[in-house]
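*Asks:*
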Amino acid sequence: MKIVNGTLDEDKYYAPEIHVCRFLDQEYPNESPHSMYAYYARDFTVPLLTKFYRQLIHEHHIDCIIL
Numbered sequence: 461m462k463i464v465n466g467t468l469d470e471d472k473y474y475a476p477e478i479h480v481c482r483f484l485d486q487e488y489p490n491e492s493p494h495s496m497y498a499y500y501a502r503d504f505t506v507p508l509l510t511k512f513y514r515q516l517i518h519e520h521h522i523d524c525i526i527l
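In case it helps, this note's numbering puts the sequence shown at residues 461 to 527.
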């Protein structure tokens, strides 16, 4: 698990997340840099991800998670 943003070099595991952050930085420059949580999916089980998502929702008052 790590937090990525658009300033990072391309990464074979986190390229989609980095791309989304760069897109958001371009579209909403006043709010940049944008960041997001990213993880290598093969390292997680469903129960562990469920626990993590619940923690994120609780700590950050999240309305939506895009998978």
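Beta carbons: idealized from backbone N, C-alpha and C, even for Gly.
Would you kindly work out how many angstroms separate the C-alpha atoms of Pro489 and Lys462, rounded to a whole number?
*Replies:* Stepping through the sequence shown from its first residue, residue 489 is reached at position 29. Stepping through the sequence shown from its first residue, residue 462 is reached at position 2. Near 23 angstroms, if we compare the C-alpha coordinates of Lys462 and Pro489.
*Asks:* Are there 16 or more other CB atoms within 10 angstroms of the CB of Cys524, so buried, or fewer, so exposed?
*Replies:* Counted from its first residue, the sequence shown places residue 524 at position 64. The residue is exposed, with fewer than 16 neighbouring Cβ atoms inside 10 Å.
*Asks:* Taking its Cβ as the centre, do 16 or more other Cβ atoms sit within 10 Å of Ala498, making it buried, or is it exposed?
*Replies:* Working through the sequence shown from its first residue, we reach residue 498 at position 38. Ala498 should be labelled buried.
*Asks:* What separation, rounded to the nearest whole angstrom, lies between the Cα atoms of Thr510 and Glu477?
*Replies:* Along the sequence shown, one-based indexing puts residue 510 at 50. Along the sequence shown, one-based indexing puts residue 477 at 17. Rounded to whole angstroms, Thr510 to Glu477 spans 20 angstroms at the Cα level.
*Asks:* What span of residues does the alpha helix (DSSP H) with Ile478 cover, start to end?
*Replies:* As a first step, residue 478 is located in the sequence shown; it is residue number 18 there, counting from the start. Segment 475-487, the alpha helix (DSSP H) holding Ile478.
*Asks:* Assuming Pro493 contacts Asp485 (C-beta within less than 8 angstroms), just tell me the rounded distance between them.
*Replies:* Residue mapping note: residue 493 aligns to position 33 of the sequence shown, counting from 1. Residue mapping note: residue 485 aligns to position 25 of the sequence shown, counting from 1. Going by Cβ atoms, the distance from Pro493 to Asp485 rounds to 6 angstroms, so yes, they are a contact pair.
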